[in-house]
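See structure below.
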Amino acid sequence: MDPISQETQAEISSDAVATDNVTINEEQPQLVVSVPPTITISTENNDVEVISNNNEQGSVPSSPTLLVEVSSSSNTPTISTSDAMNVLVATSTGNMASIASSMTRQLTEKSIEEDSNEATCVDMETSTFVDDYSSGDEDDQNKKKKKDDPKKFNLDGINTMKGIIMEEWKKFGFAAQTKRDAEMWAQTLQFPGVPERGEVLRRLFSVFRWGGLCFRHKAIAFDKKKSDDDSDFVWKNWYDVGWPICTAISHGGRVIIQLPKKTGSDRTYDYSFWNWIITGSKTGDVAKHVTTGTSGDHCIKRGKIIFKRLSATHGIDFEENELPLMDGTRKVLIEQKTTGFSLRDTKMLRSVEYTLKHHRHWGMNIPIGGEGQTLLTGSKSYANGSNGHLYIYHMAPKTDSYGGIMLGLEGSEYGKYDMCGEYHGVSAKSSAFSPTLGFKWHSKEHLDLTTVKGPGKYDCMFVDLSYGWDFIVEKYENEWKDDMVKQTSLPNPNHPQFTEISTKLNLSPKFISSIVNLRNTERGRKWKSLVDKRLEKTSNNFKDKITISKKKTKFYNFTTTRAAISFANLYGQ
């Protein structure tokens, strides 16, 4: 079976030389194709010269590159490979499109032959296209910058926005930014551009809402030398500060969602959580919404919402030992920070089916603030990669190991400017403002939220679902409302301490949840204070304190009810 379809061959024919797949400079003809780092290039005449990346002629100094000179009399080069890199082929004469087609076909055939034990269908979207994320070519970045010229941004609007944010910070502090987080995310859910994108976001937020989101100010692995205060390394419940769940990813940092080991004896992977997040069904087909193409523009053309990222500066690894946290939770997964441009956990030259299951870096462009809605900068928001980009790392659980998902919100897709005119390049330099137009939790170059005592920069936000997550599916289907992005998180009812209290007090999880919902309300705080006083051994009969009004009498009498006592038992003892 010919692994390249007629349609694909047409894409790399002479009529398509000017596409993103094949780039030719007419003054000095060049061909760029995606091939592995270990390669052998030869011709029958043996007249091909290979020059290493250290040679000044190399045009991609930031990544492994081979420059191959092909004489006019030489035959078409043959290539055998195993993992991808950039190869630059230059020739002074000959049909470049023909060479491109032949080389791409040979590369694909070899890749399929080498991978035949694991795949039967070539992932044409990754093997024959030059990936936006795979190249560190400065020329490519310059082209992107010219294409996305910042002059097209409303610079006056951006400067006005910056002034508003600074004045707002002086007058109202962080509270104003959490309010804007909530409003912008609510608008995003209301106007997601396409319904499927909104549903993915809702399901992710439902995990923050009911999964027991927690955080710490610093991580020992990253910040031990920067703090002598041990309390900075202690985990806290998100609902203790009362911030909206959407604020967790709105100011930098990433959230790790820890998934349980797969049940059963067979050593296979469990994709049910990933399937549910993307499709709404544990057995859903993620291919309906995910493409293995490597850019947001390609994603739109394919009618998908999530695309493959070839690299990221973050990943997930395992703790050497399980780390016990508060409320019986445990932390097995840790965030890993990579240096520079890393291809770790990247699956290339694989079948579509294999890539969808085992590749770990994914991205989803979002229209933060709502598709077509006007932002503080004066521009309108669209899911074009410049108005918010959600980075998603997925590692499926196995029988003998936990799995996880890591989420982080970025201002723009790689290779594009964000709404504030900042460019997302290889260095991944941090913008002064978050996608929701607030400050970052931490920033070396700009004003940040250090004084707020929020999450640390790395490995400092966590959701433990290792005891199960079916309850989240049930709650999402029966209780979710979009206004919940404006509310704080709730305890995970599957955690041991929560279950123990429920059993001890003979209370149903639903009843406890109704009590927990009062946690951060003014009424709830009064109830707890009154119950605490009533339980004090030295206190007088609480009824003797009722002297003001019937309304207050009714309120005090409530402290004897089952709900109030349960509330105190749940949080006060």
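Using full-length UniProt numbering, the first residue of the sequence shown is number 1, and each one after it goes up by one.
All C-beta atoms, glycine included, are put in the ideal place defined by N, C-alpha and C.
None of the values given here were measured: they were computed from a predicted structure.
Between the CA atoms of residue j and residue i - distance to the nearest angstrom
i, j, result
"Gly264", "Val485", "36 Å"
"Asp448", "Asp266", "48 Å"
"Ala287", "Ser386", "24 Å"
"Trp274", "Ser529", "43 Å"
"Leu259", "Leu356", "18 Å"
"Gln373", "Ser351", "39 Å"
"Gly404", "Ser272", "12 Å"
"His289", "Ala175", "36 Å"
"Thr178", "Glu353", "40 Å"
"Ser281", "Lys380", "33 Å"
"Leu204", "Thr377", "27 Å"
"Leu490", "Leu213", "8 Å"
"Asn478", "Asn492", "17 Å"
"Pro367", "Asp230", "39 Å"
"Leu310", "Lys170", "41 Å"
"Asp156", "Leu375", "13 Å"
"Glu413", "Tyr382", "12 Å"
"Asp400", "Ile392", "23 Å"
"Val194", "Asn506", "45 Å"
"Phe191", "Tyr239", "27 Å"
"Ile278", "Asp482", "18 Å"
"Gly303", "Tyr476", "26 Å"
"Glu319", "Arg180", "36 Å"
"Val452", "Val241", "10 Å"
"Val122", "Thr450", "Unreliable placement is indicated for Val122, whose pLDDT of 35 sits below 50; no coordinate value is reported for it."
"Asn154", "Val255", "32 Å"
"Thr78", "His358", "Unreliable positioning characterises Thr78 in this predicted model, as indicated by a pLDDT of 39, which lies under 50. The coordinate reading is nonetheless provided below. Each residue's Cα considered, the two are about 29 Å apart."
Whole-angstrom C-beta distance between residue j and residue i, which should lie under 8 Å
i, j, result
"Leu390", "Met406", "The Cβ separation is near 11 Å, so there is no contact."
"Gly284", "Leu465", "Contact doesn't hold; Cβ gap of about 18 Å is too wide."
"His394", "Arg360", "6 Å"
"Ile305", "Arg209", "So it is not a contact: roughly 22 Å between Cβ atoms."
"Thr188", "Gly408", "At roughly 16 Å, the Cβ-Cβ gap does not stay under 8 Å, so Thr188 and Gly408 are not in contact."
"Pro397", "Lys301", "Rounded, the Cβ-Cβ distance is 33 Å, inconsistent with contact."
"Glu445", "His424", "The pair is not a contact, with the Cβ atoms about 15 Å apart (cut-off 8 Å)."
"Tyr269", "Val332", "Actually they do not touch by this definition, with Cβ atoms about 17 Å apart."
"Leu437", "Met161", "6 Å"
"Asn384", "Gly296", "7 Å"
Backbone secondary structure at residue i - three-state DSSP
i, result
"Gln57", "Here the model assigns Gln57 a pLDDT of 37, short of 50, so the residue's position is not dependable and the matter cannot be decided."
"Glu353", "helix"
"Glu319", "strand"
"His298", "helix"
"Gln487", "coil"
"Tyr417", "strand"
"Lys457", "coil"
"Phe433", "coil"
"Lys475", "helix"
"Tyr423", "strand"
"Tyr269", "strand"
"Val452", "helix"
"Lys398", "strand"
"Thr263", "coil"
"Asp285", "coil"
"Asn492", "coil"
"Thr247", "helix"
"Glu445", "coil"
Beta-carbon proximity list for residue i, same chain, < 7 Å, skipping 5 on both sides
i, result
"Val207", "Ile257, Val463, Ile472"
"Asn494", "Tyr467, Gly468, Phe471"
"Ser431", "Gly411, Asp418, Cys420, Glu422"
"Ser434", "Ser250, His251, Gly252, Lys440"
"Trp480", "Arg202, Ser206"
"Glu199", "Gly280"
"Thr488", "Trp238, Tyr239, Gly242, Trp243, Pro244, Ile245, Asn520"
"Met184", "Ile368, Gly369, Thr436"
Per DSSP, cross-strand counterpart(s) of residue i
i, result
"Leu409", "Leu390"
"Ile257", "Ile405, Val463"
"Gly363", "Phe307, Tyr391"
"Leu333", "Phe318"
"Lys380", "Thr374"
"Phe215", "Lys236, Met461"
"Asn291", "Note on residue identity: the sequence assigns Thr, not Asn, to residue 291. In DSSP, Thr291 forms a bridge with Phe307."
Residues of its chain near residue i, where Cβ-Cβ distance is below 6 Å and the 5 sequence neighbours each way are ignored
i, result
"Tyr458", "Ala219, Phe222, Glu335, Lys337"
"His442", "Asp448, Lys457"
"Ile158", "Thr377, Cys420, Gly421"
"Gly388", "Ile366, Ile368, Pro435"
Own chain, CB closer than 8 Å to residue i, minus 5 neighbours either side, in chain order
i, result
"Ala182", "Pro244, Cys246, Thr247, Val485, Lys486"
"Asn216", "Note on identity: in this sequence residue 216 is Arg, with Asn being the wrong assignment. Taken in chain order, the residues that qualify are Asp232, Phe233, Val234, Trp235, Lys236, Pro455, Gly456, Cys460."
"Trp276", "Arg203, Lys282, Gly284, Val473"
CB contact check: residue i to chain C, cutoff 9 Å
i, result
"Gly415", "Going by chain labels, chain C is absent from the structure shown, which holds only one protein chain."
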